[in-house]
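Peer 1:
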Amino acid sequence: MKSRSESLIRLKKFQVDEKRRSVTQIEMMIADFERMAAELDQQIEIEQQKTGISDVAHFAYSTFA
Numbered sequence: 000m001k002s003r004s005e006s007l008i009r010l011k012k013f014q015v016d017e018k019r020r021s022v023t024q025i026e027m028m029i030a031d032f033e034r035m036a037a038e039l040d041q042q043i044e045i046e047q048q049k050t051g052i053s054d055v056a057h058f059a060y061s062t063f064a
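According to numbering that gives the first Met the number 0, numbering within the sequence shown proceeds without interruption in unit steps and concludes at 64.
Structure (structure tokens):
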């Protein structure tokens with residue numbers, strides 16, 4: 000029969016593994032969001048170049064940008 004301490008050690012190892020998986024998922028989400036932000040910045044830059052207006056306060060500033 001396993002001792003109580005062995006069971007607690009297994010439980011803690013499992014919890015650590017779960018936290019590692021969570022951290023990995025969060026890091027992947029952060030990378031995805033950074034990629035999406037970069038793509039949006041690029042789209043805004045392209046739209047501003049297309050219209051020739053980069054001042055967001057300008058009345059004719061593109062609503063797409």
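From the three backbone atoms N, C-alpha and C, an ideal C-beta is built for every residue, glycine too.
#1: Whole angstroms is fine: what's the gap from Lys49's alpha carbon to Ala56's?
#2: Please report how far the alpha carbon of Lys11 lies from the alpha carbon of Arg20, in whole angstroms.
#3: According to DSSP, simplified to helix, strand and coil, what is Ala59?
Peer 2: Once the coordinates are examined:
#1: 17 Å
#2: 14 Å
#3: coil
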